[in-house]
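Residue numbers are given in our numbering: position 46 of the sequence shown equals residue 77, and the series is strictly consecutive.
Where a beta carbon is used, it is the ideal one built from N, C-alpha and C, also for glycine.
Predicted model only: the values in this text are computed from it and were never measured.
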Amino acid sequence: MNELILQVKNLEIFYGEKRAVNGISMDIEKNSITALIGPSGCGKSTFLRTINRMNDLIPGARADGEILYEDINLLSEQINVVALRKEIGMVFQKPNPFPKSIYDNITHALKYNGIRKKSQLDEIVEESLKKAALWDEVKDRLHKSALSLSGGQQQRLCIARTIAMKPTVMLLDEPSSALDPISNAKVEELIIDLKKDYSIIIVTHNMSQASRISDKTAFFLTGDLVEYNVTEKIFTNPSNKKTEEYISGRFG
Ligand SMILES: Nc1ncnc2c1ncn2[C@@H]1O[C@H](COP(=O)(O)OP(=O)(O)OP(=O)(O)O)[C@@H](O)[C@H]1O
Ligand SMILES: [Mg+2]
């Protein structure tokens, strides 16, 4: 087994009185891809957003339990959430580039973090776009609007924007579900390639995608973590009847 990057212990997440995640525990391995699957409303996005404290932004949301990262509980009040979100980056279902140039999309947060030197910014832009497998397509139009890119290119730009912050963990919430099959395949290839450098947690409704790209799979159902194991086991011989029904498309 790989080294662990995150240890989730008895994590409960509430919206007001309503509990959306019911005391789950799971270890997440470094430099691996962990897929979160389960029917709509089972708590996948809630869990993902809690890891980098994006869920804090929702009024009435709160979390109990622990998410340990380098022995620090990310749910602690003392956490600097801005620094945390740099280290644990997130990409959403719908590509959400800023209405700025391709170049500025990547440098925006870097400048905010005090990096001003043009040569250094140029270097990070090139490196991030290369890692996101987008460089060749955009290198001659870096100062054109990001909104002129196709959906698949916009999503790779959002991934490049996250990479530029040099995160250790990347949280991907259905990152290719809004894309056409070719863009989807490119994003999938990219994710597999990224696991050399990052630990990736990906939410997907696409069972074949989960089985193709992930090392471990977690099946959620109404806020419970029903089954969590190596992906091959989940998809060929799940222990729980509900998992089997879900992956074979009988509900959800
Ligand atoms: N902002 C919110 N305020 C109140 N309740 C919420 C909020 N966001 C999610 N919930 C509730 O929390 C539960 C889990 O929702 P969540 O969005 O995490 O599910 P999901 O597994 O990501 O679903 P999907 O596959 O549809 O994206 C649901 O019952 C949902 O209604
Ligand atoms: Mg969701």
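(Q) Does the beta-carbon of Val234, which I'm using as the reference point, lie nearer than 7 angstroms to any heavy atom of ligand 2? (A) yes
Q) What are the complete beta strand (DSSP E) segments, minimum 3 residues, inside the segment 81-136? A) 92-100 and 119-122
Q. Below 8 angstroms, can you find three or more Cβ-Cβ pairs linking the segment 32-43 to the segment 53-60?
A. yes
Q) Which residue from Asn215, Phe123 and Ser245 puts its Cα closest to that of Ile68? A) Ser245
Q. Glu275 by DSSP, collapsed to three states: which one?
A. helix
Q. Does ligand 1 have even one heavy atom less than 7 angstroms from the beta-carbon of Cys189?
A. no
Q | Neighbourhood of Arg50 by C-beta, 8 angstroms cutoff - its chain only, sequence neighbours within 5 removed | A | Glu43, Ile44 and Gly254
Q. How is Phe23 classed by DSSP in three states: helix, strand or coil?
A. Beyond the ends of the chain as shown, which are 32 and 283, falls residue 23; an answer cannot be given.
(Q) Taking only three categories from DSSP, how would you classify Tyr229? (A) coil
(Q) ligand 4 and Ile213: does any heavy atom of the ligand fall closer than 7 angstroms to the residue's C-beta? (A) Looking for ligand 4 in the displayed structure turns up nothing; the ligands present are ligand 1 and ligand 2.
Q | Cβ contact check for the segment 224-234 and the segment 198-210: 3 or more pairs under 8 angstroms | A | yes
Q. Just reading off the alpha helix (DSSP H) that Glu48 is part of, what are its end residues?
A. No alpha helix (DSSP H) holds Glu48; DSSP gives it neither H nor E.
(Q) Just list the residues that DSSP pairs Asp204 with in beta bridges. (A) Val234
Q) Quick one: is the Cβ of Asp255 within less than 7 angstroms of any heavy atom of ligand 2? A) no
(Q) Under 7 angstroms: does the beta carbon of Gly74 sit that close to some heavy atom of ligand 1? (A) yes
**Q.** Opposing strand residues paired with Tyr259 [DSSP bridges]
**A.** Ala249
Q | Local conformation of Asn215 per DSSP, three classes | A | helix
Q | Extent of the continuous alpha helix (DSSP H) run through Leu165 | A | No alpha helix (DSSP H) holds Leu165; DSSP gives it neither H nor E.
Q) Are the CB atoms of Leu188 and Leu180 nearer to each other than 8 angstroms? A) yes
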